[in-house]
Amino acid sequence: MSDDKNIDAMSFEEAIRELEQVVTALDRGDVALEQSIALYERGAALKSRCEAKLKEAEEKVAQITLDGNGQPSGSTPVEGL
Amino acid sequence: MTTLLIENPAGLNHVTPAGHPEQIARLQAVTLALAPLELLHREEAPMADESDLLLCHPQSHIDRIRAAIPDAETTTALDADTYVSAGSWEAALKGVGGCLRAVDAVLGEEVQNAFVATRPPGHHCETDRPMGFCLFGNIAIAAKHALQRHGLSRVAVVDFDVHHGNGTQDLLWSEANALFVSSHQMPLYPGTGAASERGGFNNVMNLPLGPGTDGGAMRNNYTSRVIPRLREFAPELILISAGFDAHRADPLANLMWETEDFVWLTRALCDVADEVCAGRVVSTLEGGYDLDALAEATAAHVTVLMERAG
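Chains L and H, in that order, give the protein sequences.
Positions 1403 to 1483 (this note's numbering) are the ones given, in order, by the first sequence.
Positions 7 to 316 (this note's numbering) are the ones given, in order, by the second sequence.
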């Protein structure tokens, strides 16, 4: 697990991969007591990163506008998402 | 009657490496916080002997711990968290001995209730595995002592330390006459403590709490689930694994309890004890790693015990 890696710079795939590792380690219970809370907190940050990246993707999809034939015709800004 | 405070000065000689959260300063902080409580009846913890440890642990575990104790001014790691130093044997055996003396004093009606201020803690130590700062299962040994040597039929152990009491659960798993209840943050060390873990005789109740759980949610959970279960079980003695690391200030967890929540919980447990076992309560220190919060919450906990002792 790359503890030093900046979560804000991670792709969705990188964040979800590390999150899975964190959850597995916590579930398995082989993390030291002293480190357990730090690992949990990193997991929470990774989860936030995944959620943010998902939301970005949702916004991009929502911006796609369709023409009269149901074909994508471009994109418009979406507010309030 | 009074409240008995068992003190374990030998706990000050159980050395952990610099920066380790389970540090000597914890017991110093607790001792200072309890010093003004003049009405406490104070005793120094006696040594347990091997026959006491054998109530819960095999000889091989006892021998392993003893053999790991270093001679010199150093520490030996048993795992990533758990260390022993030259003073650890006496500290640990007096922790166990203090719990047993507290049970004797409460069941012998010398005192109403008791608190054992000790370190290292005990609730993570399994049958043959020291872990999570713990060397022997202090509270489980006390439960077995009450059942086997005092002839009690039902003993309850309530563990409100923020980490699951996996050791106590392991040691009491097949003990039909002991009800073990643990509330704890999940996910967190040691990873066990799911509600589905119920013991060999449906004698284990786990109450996992999500990160951020505050005192209000804790009170609701205890009121609706734990207290009725304790009433139904009707123990003849209630033992408490009192860790104060569910406090919002604690650096090792994310629960949001305040000192007043520990006061509420102690009163609630004493209320059940009044109903079912003439108020007989023995509490022992487990975790709690913010020194100020630990000191404040421990003093508040013991003050409630004193109020209930009259």
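Even glycine gets a Cβ: it sits at the ideal position worked out from N, Cα and C.
Just so we're clear, the structure is a prediction, and the values are computed from it rather than from any experiment.
Flag this pair as yes or no: are the beta carbons of H/Gly293 and H/Asp167 separated by less than 8 Å?
Contact: yes.
What span of residues does the alpha helix (DSSP H) with H/Thr8 cover, start to end?
Premise fails: H/Thr8 is in no alpha helix (DSSP H) and is neither H nor E.
Between the alpha carbons of L/Asp1410 and L/Arg1451, how many angstroms are there, rounded?
C-alpha separation (whole angstroms): 7 Å.
Of the choices H/Leu113, H/Cys131 and H/Ile68, whose alpha-carbon is the least far from that of H/His156?
H/His156 has its Cα closest to that of H/Leu113, out of H/Leu113, H/Cys131 and H/Ile68.
Looking at the C-beta of H/Phe142, does it have a partner C-beta in chain L at a distance below 8 Å?
No, no contact with chain L.
Under 7 Å, CB to CB, which of the residues in the stretch 120-137 of chain H have a partner in chain L?
Cβ contacts with chain L come from no residue of the stretch 120-137 of chain H.
From the beta carbon of L/Ser1438, is the nearest beta carbon of chain H less than 8 Å away?
Judged by the 8 Å Cβ criterion, L/Ser1438 is in contact with chain H.
Just the C-alpha distance for H/Glu266 and H/Gly222, rounded to the nearest angstrom, thanks.
In a straight line, the C-alpha of H/Glu266 is about 11 Å away from that of H/Gly222.
With distances taken between CB atoms, is the gap from L/Ser1438 to H/Leu194 smaller than 8 Å?
Yes, the Cβ-Cβ distance between L/Ser1438 and H/Leu194 is below 8 Å.
Could you tell me whether any Cβ in chain L is nearer than 8 Å to the Cβ of H/Thr198?
Taking Cβ atoms only, chain L reaches closer than 8 Å to H/Thr198, which makes this a yes.
Quick one, are the C-beta atoms of H/Asp256 and H/Ala306 less than 8 Å apart?
No.
With distances taken between CB atoms, is the gap from H/Met7 to H/Ala315 smaller than 8 Å?
Contact flag set, yes.
At the level of alpha carbons, what is the spacing between H/Asn183 and H/Val163?
About 11 Å.
Quick one: grab the DSSP three-state call for L/Ala1434.
Three-state result, L/Ala1434: coil.
Could I get the ranges of all uninterrupted alpha helix (DSSP H) runs contained in the stretch 112-155 of chain H, with 4 residues as the minimum, in chain order?
Here the runs fully enclosed are 144-154.
To which residues does DSSP link H/Asp165 through a beta bridge?
Partner(s): H/Ser188 and H/Ser247.
By DSSP, does H/Val67 sit in helix, in strand, or in coil?
The question names Val, yet the displayed sequence has His at residue 67 of chain H. DSSP places H/His67 in helix when its eight states are reduced to three.
Identify each residue in the stretch 194-224 of chain H for which the Cβ-Cβ distance to at least one residue of chain L is less than 8 Å, and report them in chain order.
Listed by position along the chain: Leu194, Tyr195, Pro196, Gly197, Thr198 and Pro217.
Which residues in chain H have a C-beta closer than 8 Å to the C-beta of L/Leu1448? List them in chain order.
Correct list: empty, because the minimum Cβ distance to chain H is about 13 Å.
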